[in-house]
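*Asks:*
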Amino acid sequence: MVTTTYQVQGMTCGHCVSAVSAEVGAIPGVDDVQVDLASGRVTVTSDNPLDTASVRAAVDEAGYDLVEE
Ligand SMILES: [Cu+2]
102 MVTTTYQVQG MTCGHCVSAV SAEVGAIPGV DDVQVDLASG RVTVTSDNPL DTASVRAAVD
162 EAGYDLVEE
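FYI, the numbering for the sequence shown is 102 to 170, going by this note's numbering.
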């Protein structure tokens, strides 16, 4: 199990949280997604390290931006 934290910009409410959770949760190998709305931090638990590009694409698909750390 690998846990990675990402920073997502643009989330403002519970709907945003569900959209991001659903898209990121649909990435193959992802077991859990925890979103902290206040800080914009998204903690992803997966079987293997994730390709940042696929996380970025999923966040993009939800309508938000992944912030480069
Ligand atoms: Cu929202």
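Just so you know, even glycine gets a beta-carbon here, dropped at the ideal spot from N, CA and C.
Let me make sure I understand the geometry here. Which of Leu138, Asp137, Ser140, Gly130 has the alpha-carbon closest to that of Val156?
*Replies:* The shortest C-alpha separation from Val156 is found at Gly130.
*Asks:* According to DSSP, what are the bridge partners of Val136?
*Replies:* BP columns for Val136 point to Val143.
*Asks:* Rank Gly126, Gln110, Asp132 by C-alpha distance to the C-alpha of Leu167 and give the top, closest one.
*Replies:* Nearest C-alpha to Leu167: Gln110.
*Asks:* According to DSSP, is Asp166 part of a helix, a strand, or is it coil?
*Replies:* Asp166: strand per DSSP, three-state reduction.
*Asks:* With distances taken from each beta carbon to the nearest heavy atom of ligand 1, which residues come in below 5 angstroms, in chain order?
*Replies:* My final list is Thr113, Cys114, His116, Cys117.
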